[in-house]
Structure formats: structure tokens, C-alpha cells
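**Q** FYI, the numbering used here numbers position 129 of the sequence shown as 129, with every residue one higher than the one before it.
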Amino acid sequence: MAINLAILGATGAVGQELLRLLEARALPLGELRLLASPRSAGRQLQFRGETRTVQAVSPESFEGIDVAIFSAGGGTSREWAPIAASKGACVIDNSSAWRMDPEVPLVVPECNLEAGRARPKGIIANPNCSTIQMVVALKPLHDAAGVKRVVVATYQAISGAGARAIEAFQEQCRAAANGEAVDPGPLKGQLAQNLLMHWSVDEASGYQEEELKMVHETRKILGDESIQVSPTAVRVPVLHAHSESLTIELGRPMDAAEARTLLAAAPGITLVDDFAAGAYPTPLTAAGTDPVYVGRIREDVGNPGGLQMWVVSDNLRKGAALNAVQIAEGLFA
Ligand code: A2P
Numbered sequence: 001m002a003i004n005l006a007i008l009g010a011t012g013a014v015g016q017e018l019l020r021l022l023e024a025r026a027l028p029l030g031e032l033r034l035l036a037s038p039r040s041a042g043r044q045l046q047f048r049g050e051t052r053t054v055q056a057v058s059p060e061s062f063e064g065i066d067v068a069i070f071s072a073g074g075g076t077s078r079e080w081a082p083i084a085a086s087k088g089a090c091v092i093d094n095s096s097a098w099r100m101d102p103e104v105p106l107v108v109p110e111c112n113l114e115a116g117r118a119r120p121k122g123i124i125a126n127p128n129c130s131t132i133q134m135v136v137a138l139k140p141l142h143d144a145a146g147v148k149r150v151v152v153a154t155y156q157a158i159s160g161a162g163a164r165a166i167e168a169f170q171e172q173c174r175a176a177a178n179g180e181a182v183d184p185g186p187l188k189g190q191l192a193q194n195l196l197m198h199w200s201v202d203e204a205s206g207y208q209e210e211e212l213k214m215v216h217e218t219r220k221i222l223g224d225e226s227i228q229v230s231p232t233a234v235r236v237p238v239l240h241a242h243s244e245s246l247t248i249e250l251g252r253p254m255d256a257a258e259a260r261t262l263l264a265a266a267p268g269i270t271l272v273d274d275f276a277a278g279a280y281p282t283p284l285t286a287a288g289t290d291p292v293y294v295g296r297i298r299e300d301v302g303n304p305g306g307l308q309m310w311v312v313s314d315n316l317r318k319g320a321a322l323n324a325v326q327i328a329e330g331l332f333a
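(1) Please work out which residues of its chain come closer than 8 Å, Cβ to Cβ, to V54, disregarding the five sequence neighbours upstream and downstream, and give them in chain order.
(2) Exposed or buried, what is L284 when buried is set at 16 or more other beta-carbons lying within 10 Å of its beta-carbon?
(3) For the ligand A2P, is there a heavy atom less than 7 Å away from the beta-carbon of G74?
(4) Span of the alpha helix (DSSP H) holding A320?
(5) Classify T116 as helix, strand or coil using the three-state DSSP reduction.
(6) Could you please give the first and the last residue of the uninterrupted alpha helix (DSSP H) stretch that includes D143?
(7) Answer yes or no: does any C-beta atom of chain C fall closer than 8 Å to that of P304?
(8) Given a threshold of 16 other Cβ atoms within 10 Å of its Cβ, counted over all protein chains shown, does Q133 qualify as buried or as exposed?
(9) Within the same chain, show all residues whose beta-carbon is closer than 7 Å to that of L262, passing over the 5 residues directly before and after it, in chain order.
(10) Identify the continuous beta strand (DSSP E) that holds G30 and give its terminal residues.
(11) Let's see if you can read the secondary structure: which residues bound the beta strand (DSSP E) around M100?
(12) If we ignore side chains and look at the alpha-carbon of each, how far apart do R219 and G49 end up?
(13) Starting from the C-beta of E258, find all residues in its chain whose C-beta is less than 8 Å away, skip the five residues before and the five after it, and write them out in chain order.
(14) Verify the contact flag: G64, CB atom, against every heavy atom of the ligand A2P, threshold strictly below 7 Å.
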């Protein structure tokens, strides 16, 4: 059955990635509507060799639409997702607006696709990019031995901050290389030759909201409120693909060989794990590809029975667009 699909945020970084994925994948498409703000109305985008015109979003945009993938920020999603759902569309939303709503399933197909079948608000939430790649890697270990605690540090790419942030970073690199003053711009600081932590801060805890998303979303997706997550999120001067260092405590001791066997058999994961030979995942090789790459699987020298590993994935793909498309494929195709 062909699906009538709308993309809200079609001109953005994730929207563009969605179009590239839909061009290449087998999801049977009927109508495809490209939506954005009034700023982009009339802009032309290419899809499968044809020119498509972007429309300003309006209530009529969702008439006859089966699935609407939103990637236009939280405020836009809070405003438009209920309208799209009232027109009968299933909204798959990339923003954080609905993720922790108990009436909105939070879905990573490798972990909990079936949760997406019960959606009282007509909305399915796509998790945070850093959470997605982490839970894909944790899921087989959790099923085998129960994840008790994860200490995670992220090395997050700029594309997660949107198309304008990439342009700003490239201008920062040019300015920094020429000894000119660097404009913080949408990056809210100098990322060229630097690291930043600039997501909004939860003043009560001192954590960044980006970090707290990993705490709460992991529990919701894996369906286990007892999992403890200790996160640190860092923006690094890399354009595409997030990297994560995970330190994992399980309900029973697990050696690296068992973890490797479980991870190698798990959906969505590609092992790149021959560190002695120099093989480990990097953002440069992950960029533009689909898998969650796992490497450096090792027994934790500081916690016998625990594990450490390195997890890399393209944040615009598995971390956003691909996960949304896989939800649509899994539930509607
Ligand atoms: P536009 O290009 O018209 O501003 P990114 O995350 O790369 O910054 O992209 C954000 C996407 O969300 C863009 O497609 C942007 O459209 C869209 N968007 C932002 N604000 C709104 C809004 N109020 N209504 C509809 N689309 C919006």
C-alpha cells in the first residue's frame, strides 16, 4: 500500500537527509508533501530527479496524509503535531516536545517497534540522537544480562544543531585560521579549535538537558526505570556522526567475547572491533551511512565484570531521519 507522506522541516538538515533516504529506500510512496516555514514557501527541492516545491505549513497540508515526519523543532511540533494528528496523520516527531509524554510512544525499531502501535495522541516520538545509538548498542546486552548502570560521554557532531550551525562552524574555521574575530553565532561559542557544552542547562541539577534526555529516554525505550545513566554531553568540531564512550555495569559479569557475540548478532549494529590492528569506528567513516558502529569492546579495568565500548553513528541518519523512516516502514509499509 502506498503511503502519503509529509515532511515538516523539509529544508532543514534532517529534512534533507530524509529526502536522501526516501529516494534510496523501498518505502512505497504515494504523495510526498514538502513543508517548511513561510520563509521557504516556493523553494524547489529535487526528489528522484523531479523538482518539488516546498509549501508553507498550514492545516490543509495534512489532509489525506498517512504519515507526517516532523523535524522542525519543539515549538513547531507542539503547535502542528496535534493539528496533523486531528487530520488523521500519524506524526513521527524528531523534536523533544513529546518524548516523555506517557501517551506518546518513544520508538527505536531495534528495541521497541511494537510500542509504536499504541498512540493515543496520533504521535510517535523519535528519541534524541545520542540516546538512539546508545540504546541500539545496549539492547542486546540488556536482554542478556540486564543493564544496571551506564556512564556515557558523548562527542557530538555539529549537524545535530542544524544546517545553519554547520555554515557558522565553517565560517568560524575560516576566521580562526586567518586570525580574525570568531562569531559565536548559532553555536553560542567558538567551536573551531575547541569543544563546547552549550545545550540548555537544568539549573537544579547542573546537568544539560541534552544529558538528562539520555537518562529518561533510555529508561522509557528499554522499559526499565531502574537503569542508571551518568551522562556528559560534549559538542566536538566534527560535522557528521556522534561518538560515545560507554562504561557499562550489568546484572552479571560479562566478558568481552560474549558481548562481541551478542552485539555482532544484533540488528542495526556493525562491529569495527580490531583495535590492535587499528580498526575502530570513527565519525568520518560513519558519516553518511546507516549502522550503529561498535568497537573497542573491552572488559572494564576499573570494574571487574563490567564492559567498556565505543559507539559511533551518523546523528542525522540513525540518530534522526533513518530512525523515523524505519518506524514508518515497520508500522505502515
Ligand atoms: P525553514 O527553512 O523555512 O526555516 P534545521 O534544524 O536544519 O535548522 O531545520 C529546521 C527546519 O524546520 C527547516 O526546514 C525550517 O524551515 C523548519 N521550521 C522552522 N520553524 C518552522 C515553523 N515555525 N514552521 C514550519 N517549519 C519550520
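Beta carbons are placed, not taken as given, at the ideal position from N, Cα and C, and that holds for glycine.
**A** Based on what the coordinates show:
(1) A10, T11, L34, L35, A36, S40, A41, G42, R43, Q44, L45
(2) exposed
(3) no
(4) Taken as a continuous stretch (DSSP letters only), A320 belongs to no alpha helix (DSSP H), as it is neither H nor E.
(5) The amino acid at residue 116 is misidentified as Thr; the sequence shows Gly. In this structure, G116 counts as helix in the three-state DSSP scheme.
(6) 129–145
(7) Protein chains in the displayed structure number just one, and chain C is not present.
(8) buried
(9) P140, L141, A144
(10) 29–36
(11) No beta strand (DSSP E) holds M100; DSSP gives it neither H nor E.
(12) 42 Å
(13) A144
(14) no
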